[in-house]
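Remarks on the structure that follows.
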Amino acid sequence: MQTPSSIELLLRERGVRMRIGVAEAQQALAAALINANPAVERVGLSEAHGRCLAEDIHIGHSLPPFANSAMDGYACRHADLQQTALQLIGESRAGARFVGQLGAGQCVRISTGAMVPDGADTVVIQEDTTRSGDQVQVTQIPRIGANIRLKGEECAAGTRLLKRGLRLDARGLALAASAGRAQLRVVARPRVAIISTGDELATPNQPLAAGQIYDSNATLLHALLLEAGAHPLPSQATADDPQRLALALQGAANSADLLITTGGASVGDHDHMPQLLAQHGCVHFWKVRMKPGMPVLFGEFAGKPLLALPGNPVSVFISFRVLAQAAIQAWQGLVPADPVRWPARLLAPLRKTHARAEYLRAVYRVDAQGQLWVRPLLAQESHRSLSLMQASVLLNLPEGPIDLPAGAIINIEPLFQAAQAETDWE
Ligand code: AMP
Ligand code: MG
Numbered sequence: 274m275q276t277p278s279s280i281e282l283l284l285r286e287r288g289v290r291m292r293i294g295v296a297e298a299q300q301a302l303a304a305a306l307i308n309a310n311p312a313v314e315r316v317g318l319s320e321a322h323g324r325c326l327a328e329d330i331h332i333g334h335s336l337p338p339f340a341n342s343a344m345d346g347y348a349c350r351h352a353d354l355q356q357t358a359l360q361l362i363g364e365s366r367a368g369a370r371f372v373g374q375l376g377a378g379q380c381v382r383i384s385t386g387a388m389v390p391d392g393a394d395t396v397v398i399q400e401d402t403t404r405s406g407d408q409v410q411v412t413q414i415p416r417i418g419a420n421i422r423l424k425g426e427e428c429a430a431g432t433r434l435l436k437r438g439l440r441l442d443a444r445g446l447a448l449a450a451s452a453g454r455a456q457l458r459v460v461a462r463p464r465v466a467i468i469s470t471g472d473e474l475a476t477p478n479q480p481l482a483a484g485q486i487y488d489s490n491a492t493l494l495h496a497l498l499l500e501a502g503a504h505p506l507p508s509q510a511t512a513d514d515p516q517r518l519a520l521a522l523q524g525a526a527n528s529a530d531l532l533i534t535t536g537g538a539s540v541g542d543h544d545h546m547p548q549l550l551a552q553h554g555c556v557h558f559w560k561v562r563m564k565p566g567m568p569v570l571f572g573e574f575a576g577k578p579l580l581a582l583p584g585n586p587v588s589v590f591i592s593f594r595v596l597a598q599a600a601i602q603a604w605q606g607l608v609p610a611d612p613v614r615w616p617a618r619l620l621a622p623l624r625k626t627h628a629r630a631e632y633l634r635a636v637y638r639v640d641a642q643g644q645l646w647v648r649p650l651l652a653q654e655s656h657r658s659l660s661l662m663q664a665s666v667l668l669n670l671p672e673g674p675i676d677l678p679a680g681a682i683i684n685i686e687p688l689f690q691a692a693q694a695e696t697d698w699e
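Numbers 274 to 699, taken from our numbering, label the letters of the sequence shown in order.
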């Protein structure tokens, strides 16, 4: 057991929750950020991708809005198909219908998406006909009604296409467009400030001096925030200097709804976040019983919630995913669904002796029988960002020792699928 540092003792004395479990940290964050009445704004379809819908989208017309052809061919009456040939009397094109009535023994040239002429009940595909002048011979008789998409067969006028609370993706946006909507009411996104801290940080594109590394966390967080539906503000990098750090936080607090910092959150001599918040803000909790990501701190600065993540890139990725993502959704009035989990078998025995929850980077494969197999990657240290890139799934190991034989079933969480969220407004 390590001796607690003076800042740990101070925060403990103040009753700050320390070394809490993952679930308790998640609850504290969601409770602090939850927004029962998120602001709503109106945006164009091209701006709405990834946004959370703040209204139900109903369609004013049926889908399809009119009976139309599913194929290129000839519209006719099924009853006439025993005849030797049909007489071609005109054309119905997509966007330009045939005007008139189709009578006995007649047919109309028709293209995909074109209105079915009055009187026709079947479309014969082009491939099943031969044509000579205005005489069309049918070589293969289809069933009655073939190749016609009926008016309203997908939905009736007034149907709700999209539900309030949905996170808009390409499919949802296209449906809104097909209902004739050009603008949608969406929930405002939390503006999140990103501040990387560390004397060693260089900006990508600048030469690296001895002892420096490039700041990759700013980019990581920017992308993670976009994926989580937040609005990341331009990031800033700050040295390990309390005054400059306080200035950067103050500036960020003026324009952001949430501040996220990386680095300097632990107990090292140059880790200033805990002390700074203890002096100039407040600390809700410090340290979560998880690996990686243990030194996470959550508090407030200048009245704004602040999540201080450790500096190691894998810790940033995991603690964002485990703690921040759901809180950002709570801010938008969403109740995050549980992450997608699939049962898989362990390729080799798995042992954990420490007490904390652990998130292992792993890869999976599917065997010929369709069974999923999973193997944790060898490199699990929190600075190993290459193995983060290599991983296709995470193993979420609960607190306490674990000793599983090869072949044991364990849940895997795919890394290539963002968590879905649902609304609790209904
Ligand atoms: P810290 O949490 O400040 O002790 O940093 C832990 C480790 O993460 C150190 O090796 C840092 O150099 C590294 N680190 C800190 N910030 C960043 C960053 N923005 N990008 C990449 N690595 C970082
Ligand atoms: Mg540091």
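Cβ atoms here follow ideal geometry from the backbone N, Cα and C, with glycine treated the same way.
Small disclaimer: the values here were computed from a predicted structure and weren't measured.
Neighbourhood of residue i by C-beta distance below 6 Å, restricted to the same chain and skipping five residues each side
i, result
"Val-577", "The question names Val, but residue 577 is Lys in the sequence shown. For Lys-577, where only same-chain residues beyond five positions count, the Cβ hits under 6 Å are Ala-526, Leu-532."
"Thr-535", "Ser-469, Asn-490, Leu-582, Gly-584, Val-589"
"Arg-290", "Phe-558"
"Arg-444", "none"
"Val-540", "Ser-278"
"Phe-593", "Leu-497"
"Ser-319", "none"
"Asp-611", "none"
"Met-563", "Val-295, Arg-629, Ala-630"
"Ile-307", "Ala-603"
"Ala-503", "Arg-462, Pro-463, Val-465, Ile-601"
For residue i, the first and last residue of its enclosing beta strand (DSSP E)
i, result
"His-557", "554-561"
"Gln-456", "456-460"
"Phe-574", "570-574"
"Ala-348", "346-349"
"Arg-444", "Note, Arg-444: premise wrong, no beta strand (DSSP E); alpha helix (DSSP H) at 443-451."
"Leu-668", "666-670"
"Ile-398", "395-398"
"Glu-314", "313-317"
Which residues DSSP lists as bridging residue i, in chain order
i, result
"Ser-384", "Looking at the DSSP assignment, Ser-384 forms no beta bridge with any residue, so it has no partner."
"Trp-646", "Arg-618, Arg-638"
"Lys-436", "Partner(s): none; Lys-436 has no beta bridge."
"Met-291", "Trp-559"
"Val-465", "Pro-505, Leu-531"
"Glu-379", "The residue asked about is misnamed: residue 379 is Gln in this sequence, not Glu. DSSP lists Gln-360 as partners of Gln-379."
"Leu-498", "The partner list for Leu-498 (beta bridge, DSSP) is empty, contrary to what the question assumes."
"Gln-410", "Thr-403"
"His-331", "Arg-433"
"Asp-676", "Arg-624"
"Ala-369", "Arg-366"
"Asp-611", "DSSP, once it has assigned bridges, lists no residue as partnering Asp-611."
"Thr-511", "Thr-470"
"Asn-341", "Met-388, Arg-422"
"Val-540", "The partner list for Val-540 (beta bridge, DSSP) is empty, contrary to what the question assumes."
"Ile-486", "Leu-474"
"Ala-630", "Met-563"
"Gln-548", "DSSP lists no partner for Gln-548."
Same chain only: Cβ atoms within 7 Å of residue i, ignoring 5 sequence neighbours per side
i, result
"Pro-622", "Leu-677, Pro-678, Ala-679"
"Lys-226", "This structure leaves residue 226 out entirely; the chain is present only between 274 and 699."
"Ala-599", "Gln-299, Ala-303, Pro-609"
"Arg-644", "For the sequence presented, residue 644 should be read as Gln rather than Arg. These residues qualify, in order along the chain: Arg-618."
"Ala-301", "His-557, Phe-558, Phe-571"
"Leu-283", "Ala-551"
"Ala-455", "Gly-317, Leu-318"
Sequence-distant residues of its chain with Cβ nearer than 8 Å to residue i (five each side left out)
i, result
"Gly-537", "Thr-470, Gly-471, Asp-513, Leu-518, His-543, Asp-544, His-545, Met-546, Ala-581, Gly-584"
"Gln-548", "Ile-280, Pro-515"
"Pro-337", "Arg-422, Leu-423, Lys-424, Gly-425, Glu-426, Glu-427"
"Tyr-487", "Leu-474, Ala-475, Thr-476, Pro-477, Leu-481"
"His-322", "Leu-441, Asp-442, Ala-443, Leu-446"
"Arg-285", "Pro-277, Met-291"
"Gln-360", "Gly-378, Gln-379, Cys-380, Asp-407, Gln-408, Val-409"
"Ala-691", "With a pLDDT of 45 at Ala-691, under the threshold of 50, the modelled position of this residue cannot be trusted, and the question is left open."
For residue j and residue i, believed in contact at Cβ under 8 Å, the rounded distance
i, j, result
"Gly-554", "Leu-579", "7 Å"
"Glu-500", "Val-613", "Contact doesn't hold; Cβ gap of about 14 Å is too wide."
"Gln-523", "Ala-461", "Their Cβ separation, rounded to whole angstroms, is 23 Å, which puts Gln-523 and Ala-461 out of contact at 8 Å."
"Met-388", "Ala-343", "Actually they do not touch by this definition, with Cβ atoms about 13 Å apart."
"Asp-401", "Thr-412", "5 Å"
"Leu-633", "Pro-616", "That pair is no contact at about 16 Å."
"Asp-345", "Gln-399", "5 Å"
"Arg-324", "Val-465", "Actually they do not touch by this definition, with Cβ atoms about 15 Å apart."
"Trp-646", "Arg-657", "At roughly 22 Å, the Cβ-Cβ gap does not stay under 8 Å, so Trp-646 and Arg-657 are not in contact."
"Val-587", "Ser-508", "That pair is no contact at about 19 Å."
"Gly-392", "Ala-367", "Not quite, the Cβ-Cβ distance comes to about 19 Å (not below 8 Å), so this is no contact."
Enclosing alpha helix (DSSP H) for residue i [first to last residue]
i, result
"Ala-581", "No alpha helix (DSSP H) holds Ala-581; the beta strand (DSSP E) holding it covers 577-582."
"Leu-481", "Taken as a continuous stretch (DSSP letters only), Leu-481 belongs to no alpha helix (DSSP H), as it is neither H nor E."
"Arg-285", "279-286"
"Pro-687", "Looking at the DSSP string, Pro-687 is not in any alpha helix (DSSP H); the run it does join, the beta strand (DSSP E), is 682-687."
"Val-589", "586-592"
"Ile-601", "598-604"
"Gln-355", "Premise fails: Gln-355 is in no alpha helix (DSSP H) and is neither H nor E."
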